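Its first residue numbered 176, the sequence shown is counted upward by one per residue in this note's numbering. This report concerns only the one structure given below.
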Amino acid sequence: MAIYLSFKEIWRNKTKYFLFSLVIALISVLVLFTAGLGEGLATNNKEYLEKLNADLLIFQEDVSFSTIESRLDFKKFKRSKRIDGLEDAGPIAFSNVKVISNQNEEPIDVSFIGVEPFTPGAPDAINGNNLQAYPSKMVLIDQNIADLLSISPGDILTIKSTQGTDDKLFNLTVTGVTSGQRYFFRPSIFVTLPTWDRYRPKSDPNNYSTQPVLNVIAIKSNGKYDLNRLSTIVSDTLDDIETADIVTSYESAPGYSEQQGTLNTIKGFTFLIGTLVIGGFFQIQILQKLPQIGMLKAIGAPNGLVSSAAISQIIMVSLFGVIIGSTVTFLLASSLPSNVPVYFTPSSVAITVVTLIFIGPLGGLLSIRMAHKVEPLTALDM
């Protein structure tokens, strides 16, 4: 009965309720885009670390888990492989270079990452072959670079690196393509550590080593100890280091927490605005319908029926608005350029949509309370 009453009223005043559904749709678009932007920026910052086949990362001590500031001697990597409780360990070194795409186009900034093949830190290829120790002039590229440049395994990739005071070009053969591995908002390319140290930007082009200074060491547990115990063992074995799990590592990246905090604040205020707008609209509707509510109560309709009808009406209008907003959001997102970091995951979309639907009844609580207080004789001016 309550749903029938709600539907009949919405249908008789469909223009008014449709226009208000569009207001809810606009709020939905704003919230979903904010959520998608937050997810996109976070993914661009952490994608490589998030996909690491590792349980912990070893950093230099007192660098606040910063991969940029951390410096580790290669000997620490050798010692780490002998620590009890580890299945494997892998060295990782970070730098930045440019990829030459075309003589007439701007070079593409990429994360230049040195790894040891088949260890934690070296991603698996989804097309072509994994990175090998030999030959040395091989590179594993992520899907983002492959899509941007339309290159595939066997093609030549040219990188530009500043060594000394000169910009030098180096040719590498693409051995394979891995999944998206963005790091610090750049797509990534992977080479062996000796190749990385030879081609990375540096002040002395003749200064390179087969065992260069690392940024971090990725370690994988064999399950013998829990991660807290394993972290303690590693810290006791190696000097001047500290360990962190993967989540702590990427959340400690410069600006990550501030960026996500800002976007979450915007999203929270948007939810608050949505609650107030919906509550205000339905409160006005209740005020306009006091005689009808009084009539219903006069003929014996209980408060439960009135409340159920009001809640059903709020949910119907909110749901319709959210559906419109979600559809518009996904259509707009599909038309955006690939360099705009708006990503949607099933979990984030589901949470956002459910929250948007929930704020409707929440905003309408005051109007429902007003409906409860309606006196039949007063509402009918008797």
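Glycine included, every Cβ here is placed at the ideal spot set by N, Cα and C. Source: prediction; values computed, not measured.
Let me check understanding here. Comparing Cα to Cα, which of Ile-326, Val-314, Tyr-309 lies closest to Phe-345?
It is Val-314.
Going residue by residue through the stretch 299-385, where are the continuous alpha helix (DSSP H) segments of at least 4 residues, counting only ones entirely within it?
List check, alpha helix (DSSP H) in window: 318-324, 368-374.
Helix, strand or coil for Phe-195, going by three-state DSSP, please let me know.
Reduced to three states, the DSSP call for Phe-195 is helix.
Note down, one range per segment and in chain order, each alpha helix (DSSP H) of at least 4 residues found wholly within the stretch 425-509.
If we require 4 residues or more, the alpha helix (DSSP H) runs fully inside the stretch 425-509 come out as 431-463, 465-473.
Going by CA-CA distance only, name the one from Lys-183, Gly-211, Phe-195 that's closest to Ser-522.
The residue with the shortest Cα to Cα distance from Ser-522 is Gly-211.
With distances taken between CB atoms, is the gap from Val-528 to Val-497 smaller than 8 Å?
For Val-528 and Val-497, yes; Cβs fall inside 8 Å.
Is the distance from the Cβ of Ile-288 to the Cβ of Thr-333 below 8 Å?
No. Outside cutoff.
What residue from Leu-531, Val-503, Thr-504 has the CA that sits closest to Leu-494's CA?
For Leu-494, the nearest C-alpha among the options comes from Leu-531.
How many angstroms separate the CA atom of Ser-363 from the CA atom of Lys-183?
So the two alpha carbons sit approximately 57 Å from each other.
Could you tell me whether the stretch 203-222 touches the stretch 391-407, where touching means 3 or more Cβ pairs closer than 8 Å?
No, the stretch 203-222 is not in contact with the stretch 391-407.
Looking at Gly-265 and Thr-242, is the spacing between their C-beta atoms short of 8 Å?
It is not a contact, given that the beta carbons lie outside the stated cut-off.
Who are the near neighbours of Tyr-400 in its chain, counting only those whose CB is closer than 6 Å to its CB and skipping five residues on each side?
Gly-260.
Who does Ile-275 pair with in a DSSP beta bridge?
Its beta-bridge partners are Thr-333.
Taking the alpha carbon of Gly-535 as the point to measure from, which residue in Phe-195, Arg-187, Lys-191 has its own alpha carbon closest?
Checked all of Phe-195, Arg-187, Lys-191; the closest Cα to Gly-535 is Phe-195.
When we look at the beta-carbon of Gln-463 and count the other beta-carbons within 10 Å, is it buried (16 or more) or exposed?
Gln-463 should be labelled exposed.
Can you give me the C-alpha to C-alpha distance between Ser-542 and Ser-501, rounded to a whole angstrom?
Rounded to the nearest angstrom, the two C-alpha atoms are 27 Å apart.
Using the three-state DSSP reduction, which class does Lys-399 fall into: helix, strand or coil?
It is coil, neither helix nor strand.
At what residues does the beta strand (DSSP E) containing Phe-539 begin and finish?
In the sequence as presented, Phe is not what sits at residue 539; that position holds Gly. Careful: Gly-539 lies outside any beta strand (DSSP E) and carries neither H nor E.
Would you report the Cα separation of Leu-227 and Asp-341, rounded to the nearest angstrom?
Roughly 34 Å between the two C-alpha positions.
Alpha carbons only, please: which of Pro-516, Tyr-223, Leu-247, Leu-197 is nearest the one belonging to Leu-413?
That would be Leu-247, whose Cα lies nearest to the Cα of Leu-413.
What is the rounded straight-line gap between the Cα of Arg-373 and the Cα of Ala-308?
Taking the straight line joining both Cα atoms gives about 14 Å.
For the stretch 226-240 against the stretch 436-451, are there 3 or more C-beta pairs whose distance is under 8 Å?
Contact between the stretch 226-240 and the stretch 436-451 is absent, because fewer than three Cβ pairs lie under 8 Å.
Under a three-way DSSP split, which group does Asp-237 fall into?
Three-state result, Asp-237: coil.
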